[in-house]
Structures are given as C-alpha cells and as structure tokens.
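One structure is given here, and the rest of the page talks about it.
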Amino acid sequence: MKKIVFLVISVVFLAANVFAQGDEKANGFHGLMLGTTTAEDAAKVLGTPATDRLDRLDVSRLSKWLDPKVKEKIFRQLTFKNIGDFSQIQLSFLENKLVMIQLEFKKNITYDRLDGIFGVEFALIGGQTGASDLPNEPGKYPVRFIPTAYPFSYSLIGISEHAFIWVDCSTGDVARPGRVDKTRQVSRTLQKSEVLAPSTSFLEESHVSISLNFKFNSHRSYLWFHFCPASNCDDVGCRSVVL
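Be aware that the sequence shown starts at 5, since it is given in our numbering, and climbs by one per residue.
Following this line, the structure appears as structure tokens:
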C-alpha cells in the first residue's frame with residue numbers, strides 16, 4: 005500500500021514539475037523572464053543593445069487579444085543583433101518589466117520543434133476569417149485542422165498560463181511547412197480586460213421617481229429615500245431606505 009501511495013505521489017509531482025518547466029519555457033528566454041526581468045538585467049545577459057527606443061508593440065493579429073495600449077509608443081525596446089542562433093532579439097519593457105520577447109532565427113527550424121522549445125502546444129492559424137482563425141475569446145485555441153498545403157506566410161499560436169506565443173513562418177514550397185522566422189512571447193498582463201455587458205437595474209426597468217427627505221430632531225437625524233416605480237405613488241411596489 006505504501007508503495008502504491010508513493011508511486012501516486014511521484015507521478016503527481018512529476019506532472020506538476022513538467023507543467024512548471026513548460027510554463028517557464030513559455031515565459032522566458034535564457035533566464036530573462038516576462039514580468040520580472042528589467043532592462044538592466046537584460047543588458048547584463050545580452051550586453052549593450054544595438055538600439056534603445058520607445059515604441060509601440062508589433063504583435064501582428066495577436067492584438068485582437070491585447071489591451072489597446074499596445075498600439076501606444078510607451079514601451080522601451082532594446083534590440084540586440086546576432087546573438088547566438090538569432091539574427092535579432094528584441095525585448096520590450098513596460099514600467100521596466102519585460103512584457104515581450106521577440107526572437108528572429110538564423111537557423112532553419114520547422115514549427116514542429118516549437119512544442120519542445122517553448123513547452124506548450126501550438127495551433128495553426130487559418131485564413132483571416134473562419135473557424136481556424138484566432139478566436140474572439142483571449143486564451144482559447146483555434147479549431148485544429150490538418151493543412152493540405154501551406155501559404156507562403158502563415159502563423160501559429162501557443163498559450164501558457166502567463167504568456168501568448170505568436171509565431172510567424174514562411175515557405176517557398178506550399179507542400180512543405182518551411183521554417184520559423186520569428187516568435188513573440190507576450191505577457192498576459194497585456195491581455196485585454198473583459199468588458200461586461202451593462203445589466204438593467206431597478207431604476208432602468210421601472211422609470212423610477214425618487215424622493216429624498218431629510219429629517220432632524222433632538223433625538224435622531226436621518227436620510228430617507230423613497231423609490232417609486234409608478235408615476236402616481238400608491239405605495240405598491242415602492243422601496244424605502246433609511247440612512
């Protein structure tokens with residue numbers, strides 16, 4: 005019995021550890037982590053940037069899931085050239101916290117290797133519209149499909165608890181998937197807020213008339229609100245509140 009319990013605990017721990025590692029891969033790059041790394045930290049790891057400027061975020065169609073502020077020139081962007089296997093690495097910061105990691109690859113990497121690199125599942129994005137397009141709901145994978153041919157340029161999406169990963173790919177042969185050109189790891193702190201539809205209140209439903217009275221005497225002072233759903237008050241359906 006003890007062996008069985010130990011085995012179950014070991015399996016649960018292993019699954020949790022694998023999930024944590026996958027989430028960490030999706031949220032970072034070489035020790036640079038979304039939401040925690042500062043511009044100073046990045047310079048220590050990658051050296052002096054080729055450029056350092058304020059600009060908007062280039063997030064392609066992922067902007068559908070993000071706050072409109074990504075279009076504002078409020079993000080500090082550090083660009084590093086020819087770092088290892090990457091022709092360019094661009095890091096974007098908001099309030100000195102890393103919010104996007106953009107990688108441009110030198111080597112030919114096919115998209116089927118992305119799961120291992122980032123530790124999350126990736127889904128192909130179809131045309132501009134249709135079931136396989138990026139859903140309206142942020143964080144929801146598009147409908148899976150098996151491509152019979154590839155556009156010359158196409159995209160994929162990967163989703164973790166703390167990041168969206170947008171991938172740009174290209175091919176010179178529609179029968180082959182081609183290569184990964186660019187990846188963008190975007191912090192979900194930039195995810196757009198859900199807007200709730202306004203509910204109909206008691207006031208809106210009833211076209212309420214409101215009377216306000218203030219009474220004072222030596223023993224007590226109070227405010228008395230009277231809500232009446234009818235134009236001619238007969239105390240039926242009325243509500244009163246004493247403060």
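Note that beta-carbon positions come from the ideal geometry of N, C-alpha and C, so glycine has one too.
Quick one: residues in its chain with C-beta nearer than 6 Å to the C-beta of residue i, no 5 flanking neighbours on either side, listed in chain order?
i	result
Phe-97	Ala-43 and Arg-80
Leu-18	Caution applies to Leu-18, whose pLDDT of 32 falls short of 50 and renders its modelled position unreliable; the model cannot decide the point.
Lys-186	Glu-108 and Asp-172
Using the DSSP secondary-structure output, state which residues sit across from residue i in a beta bridge.
i	result
Gly-32	Met-37
Gly-143	For Gly-143, which the question treats as bridged, DSSP gives no partner whatsoever.
Tyr-158	Cys-173
Val-178	Bridge partners of Val-178: none, in fact.
Leu-82	Asp-56 and Leu-95
Lys-191	Looking at the sequence shown, residue 191 is not Lys but Ser. Per DSSP, Ala-167.
Could you spell out where the beta strand (DSSP E) holding residue i opens and where it closes?
i	result
Asn-102	It is worth fixing the name first, because residue 102 is Leu in this sequence and not Asn. Counting along the chain, the beta strand (DSSP E) containing Leu-102 begins and ends at 101 to 109.
Asp-119	Where Asp-119 is concerned, there is no enclosing beta strand (DSSP E), although the alpha helix (DSSP H) it sits in stretches over 118 to 122.
Asp-252	There is simply no residue 252 to check, as the chain begins at 5 and stops at 247 in what is shown.
Ile-129	126 to 129
Between the alpha carbons of residue i and residue j, how many angstroms are there, rounded?
i	j	result
Ser-203	Val-178	Note on Ser-203: pLDDT 43, under 50, position unreliable in the model; the coordinate value appears next. Cα-Cα distance, rounded: 50 Å.
Ile-105	Arg-180	27 Å
Val-147	Gly-130	9 Å
Ser-174	Leu-38	27 Å
Phe-33	Thr-152	33 Å
Glu-198	Lys-110	38 Å
Val-124	Asn-100	27 Å
Ile-163	Thr-52	31 Å
Arg-183	Ser-157	10 Å
Lys-85	Trp-69	29 Å
Asp-59	Leu-82	10 Å
Ser-136	Leu-107	25 Å
Ala-248	Ile-93	Absent from the structure is residue 248, since the part of the chain shown begins at 5 and ends at 247.
Arg-192	Arg-57	23 Å
Ile-78	Gly-88	29 Å
Leu-102	Leu-194	11 Å
DSSP three-state call for residue i: helix, strand or coil?
i	result
Phe-149	coil
Ser-96	strand
Lys-219	Per-residue confidence for Lys-219 stands at a pLDDT of 44, beneath the threshold of 50, marking its modelled position as unreliable; no derived number is given.
Lys-75	helix
Leu-61	coil
Lys-186	strand
Thr-55	strand
Lys-68	helix
Thr-114	coil
Ser-197	coil
How is the alpha helix (DSSP H) around residue i delimited, first residue to last?
i	result
Ala-43	43 to 50
Spatial neighbours of residue i within its chain, please: C-beta separation below 7 Å, excluding the five flanking residues on both sides.
i	result
Gly-35	Val-49
Ala-127	Tyr-145, Pro-146, Arg-148, Leu-160 and Ile-161
Glu-76	Arg-60
Using C-beta distances below 8 Å, list every residue in its chain close to residue i, excluding the 5 sequence neighbours before and after it, in chain order.
i	result
Leu-66	Leu-138, Ile-161, Phe-168, Trp-170, Arg-188 and Val-190
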